[in-house]
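Asks: Residue numbers (this note's numbering): 768 to 1059. Ideal Cβ positions, reconstructed from N, Cα and C, are used throughout, including at glycine.
(1) Fully enclosed by the segment 875-946, which beta strand (DSSP E) runs are 3 residues long or longer?
(2) Closest to residue 835 by CA distance: which of 1018, 813, 1051, 845 is it?
(3) Express the C-alpha separation of residue 995 and residue 986 in angstroms, rounding to a whole number.
(4) Should residue 964 be labelled buried (16 or more other beta-carbon atoms within 10 Å of its own) or exposed?
(5) Near residue 781, what residues of its chain come up, given a Cβ to Cβ distance below 7 Å and the 5 sequence neighbours on each side ignored?
(6) Taking the straight line between their C-alpha atoms, what separation do you get for residue 898 and residue 933?
(7) Given residue 870, which residues of its chain have a CB within under 6 Å of its CB, disregarding the five upstream and five downstream residues?
(8) Going by the beta-carbon positions, is the gap between residue 892 and residue 945 smaller than 8 Å?
(9) In terms of residue numbering, what span does the beta strand (DSSP E) encompassing residue 815 cover?
(10) Three or more C-beta pairs under 8 Å: does that hold for the segment 815-831 against the segment 789-797?
(11) Compare the beta carbon distance of residue 1033 and residue 1044 with 8 Å and say whether it is the shorter of the two.
(12) Step through the CB atoms of chain B and report whether any lies within less than 8 Å of the CB of residue 999.
(13) Could you compute how far the alpha carbon of residue 927 sits from the alpha carbon of residue 967?
(14) Quick check: the Cα distance between residue 973 and residue 903, rounded to an integer number of angstroms?
(15) Comparing alpha-carbon positions, which option in 1035, 937, 842, 991 lies nearest residue 1000?
(16) Taking buried to mean at least 16 other C-beta atoms within 10 Å of its own C-beta, is residue 853 buried or exposed?
(17) When you compare the CB positions of residue 936 and residue 885, do they come within less than 8 Å of one another, or not?
(18) Exposed or buried, which one is residue 798 when buried takes at least 16 other CB atoms within 10 Å?
(19) Just to confirm, are residue 948 and residue 969 a CB contact at a threshold of 8 Å?
(20) What's the C-alpha gap between residue 1051 and residue 914?
(21) With distances taken between CB atoms, is the gap from residue 990 to residue 921 smaller than 8 Å?
(22) Can you tell which of 957, 971, 961, 804 has its C-alpha closest to the C-alpha of residue 981?
Here it is, written out as structure tokens:
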């Protein structure tokens, strides 16, 4: 997209001011941090994928252990009822945990075959769920599906394939109005976008950002529609796909989410650490925008 430099600069200013960004390390000495999700109860939940444990970070108090999941833990998300959705990559399923601890399996098979290894997940306000299902390393050896999927769990529980790729999807995010689904392609190293209807059905998949430096992982949007991409660095793109800012971190970022009481801090998981970046803009968390 070839735009005049002056127009690009103007768009960047209108989108967000990134001139005084400060990166704070809030957790370290982890094994491999992934799947950050902010709870409305005031803490950051995240996965340690090597140890299969869920942890939480409470601002001002630090990190504590929430216990292990034998099925493995990767991407996480909350809905507006406070229920936790988790991609269990070892058990090859997606679960939902109620606030009373009851666990329901939302997806484990598709067309009679086991899923590959669910990676990341997002929940729209109306209850539609979207998750990615790649396979990395020895996960490839046990695949039953002949594609890497982007899946939709309808509000009634039916699972459908939004996309059937030969390349592997990773991060997933929604636009502020819930009408766009962004998906990171780890192999093609691009970001794709898919239109979502009011009932959650998907159509019109296309490339949104053609080339990303590094391997794109986690994705998030803010209330202005800017897209944040965890890849070689942390990249910020406008709603039109223009690169607004690249933020260097001490470690390669894996995933991210907005949090704190005002939802204006970006929490970034990066291998053995978690960083917090105050941005002055609220995150477009999936349970915030209403979808007609």
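Replies: Taking the coordinates as given:
(1) 888-890, 896-900, 915-920, 926-932, 936-941
(2) The residue given as residue 835 occupies position 68 in the chain shown. It is 813.
(3) Here the question's residue 986 lines up with position 219 in the chain shown. Here the question's residue 995 lines up with position 228 in the chain shown. Whole-angstrom Cα-Cα distance: 6 Å.
(4) Stepping through the chain shown from its first residue, residue 964 is reached at position 197. Answer is exposed; the Cβ neighbour count stays below 16.
(5) Along the chain shown, one-based indexing puts residue 781 at 14. With a pLDDT of only 48 at residue 781, under 50, the local geometry of the prediction cannot be trusted, and no value is derived from it.
(6) Counting from 1 along the chain shown, the entry for residue 898 is found at position 131. Counting from 1 along the chain shown, the entry for residue 933 is found at position 166. Their backbone Cα atoms lie some 16 Å apart in a straight line.
(7) In the chain shown, residue 870 corresponds to position 103, counting from 1. Once the five neighbours on either side are set aside, the close Cβ partners of residue 870 are 862, 864.
(8) For the purposes of this step, residue 892 is taken as the residue at position 125 of the chain shown. For the purposes of this step, residue 945 is taken as the residue at position 178 of the chain shown. Cβ distance < 8 Å, so residue 892 and residue 945 count as in contact.
(9) Here residue 815 is taken as the residue at index 48 of the chain shown, counted from 1. Unbroken beta strand (DSSP E) run through residue 815: 810-815.
(10) yes
(11) Along the chain shown, one-based indexing puts residue 1033 at 266. Along the chain shown, one-based indexing puts residue 1044 at 277. It is a contact, given that the beta carbons lie within the stated cut-off.
(12) The structure shown contains no chain B, having only a single protein chain.
(13) Working through the chain shown from its first residue, we reach residue 927 at position 160. Working through the chain shown from its first residue, we reach residue 967 at position 200. So the two alpha carbons sit approximately 11 Å from each other.
(14) As a working mapping, residue 973 is identified with position 206 in the chain shown. As a working mapping, residue 903 is identified with position 136 in the chain shown. When rounded, the distance between both Cα atoms is 24 Å.
(15) Numbered from 1 along the chain shown, position 233 holds the residue referred to as residue 1000. The residue with the shortest Cα to Cα distance from residue 1000 is 1035.
(16) By 1-based counting over the chain shown, the position of residue 853 is 86. The residue is buried, with at least 16 neighbouring Cβ atoms inside 10 Å.
(17) Within the chain shown, the letter at position 169 stands for residue 936. Within the chain shown, the letter at position 118 stands for residue 885. Not a contact, by the Cβ cut-off of 8 Å.
(18) On the chain shown, position 31 is the one that residue 798 refers to. Exposed is the call here.
(19) Position 181 of the chain shown, counting from 1, holds the residue named residue 948. Position 202 of the chain shown, counting from 1, holds the residue named residue 969. Cβ distance < 8 Å, so residue 948 and residue 969 count as in contact.
(20) Taking the first residue of the chain shown as 1, we reach residue 1051 at position 284. Taking the first residue of the chain shown as 1, we reach residue 914 at position 147. The alpha-carbon atoms of residue 1051 and residue 914 are separated by roughly 30 Å.
(21) Counting from 1 along the chain shown, the entry for residue 990 is found at position 223. Counting from 1 along the chain shown, the entry for residue 921 is found at position 154. No. Outside cutoff.
(22) Numbered from its first residue, the chain shown carries residue 981 at position 214. Checking every option, the nearest Cα to that of residue 981 belongs to 957.
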